[in-house]
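J.: According to our numbering, the sequence shown is numbered sequentially starting from 24. Using N, Cα and C, we set each Cβ at its ideal position, and we do this for glycine too.
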Amino acid sequence: MSGETTDKEIQQAYVELRLLENLAEDYKTRVQLVNSTLNELQTTKSALTNLSQSEEETPILVNLGGGVYASAKLSNSSKILVDVGTGVIVEKDYESVIQLLDKRIKELEDARETLQNQLETILAKISESRVKLSQMAAKERG
Numbered sequence: 024m025s026g027e028t029t030d031k032e033i034q035q036a037y038v039e040l041r042l043l044e045n046l047a048e049d050y051k052t053r054v055q056l057v058n059s060t061l062n063e064l065q066t067t068k069s070a071l072t073n074l075s076q077s078e079e080e081t082p083i084l085v086n087l088g089g090g091v092y093a094s095a096k097l098s099n100s101s102k103i104l105v106d107v108g109t110g111v112i113v114e115k116d117y118e119s120v121i122q123l124l125d126k127r128i129k130e131l132e133d134a135r136e137t138l139q140n141q142l143e144t145i146l147a148k149i150s151e152s153r154v155k156l157s158q159m160a161a162k163e164r165g
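1) When the Cβ atoms of the segment 36 to 54 are set against those of the segment 64 to 78, are three or more pairs found closer than 8 angstroms?
2) Can you name the start and end residues of the beta strand (DSSP E) that V154 belongs to?
3) What number of angstroms, rounded off, separates the C-alpha of I33 from the C-alpha of K162?
4) Going straight from the alpha carbon of N86 to that of K31, what length do you get?
5) What is the DSSP secondary structure of N45, counted as helix, strand or coil?
6) Rounded C-beta distance between K129 and D116? I'm assuming under 8 angstroms.
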């Protein structure tokens, strides 16, 4: 009877290991998404800094998405339009927008750190589970 219990324990430990591995993959994906968003915000901040130093009527390329751009001229070098959520667009000065981007960047960096810490914890549990599973399998083999 103890052999059956050990088989069940091994099977349960294996299922737990697979769940942890899936969770780790989910966290890795989340970290990648946060990194991608951070890169986008930092690129936007850099572009805004350059744009804020440009004069009116400066020719610019406007990204329409999907690798499509339109030629345009800067008409107001002191204000920029910003989506503040739910499709609401407001006019702000460059410094305000840069501060908003800095705030978003900080929030994402904090979120990334939290996710990475949680991922490290999960990876440690995976390592422990693998050792435990190996020991259980070795014990079962005799």
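T.: Put simply:
1) no
2) No beta strand (DSSP E) contains V154, which is instead part of the alpha helix (DSSP H) from 117 to 164.
3) 10 angstroms
4) 57 angstroms
5) helix
6) Between D116 and K129 the Cβ distance is about 20 angstroms, and since that is not below 8 angstroms, they are no contact.
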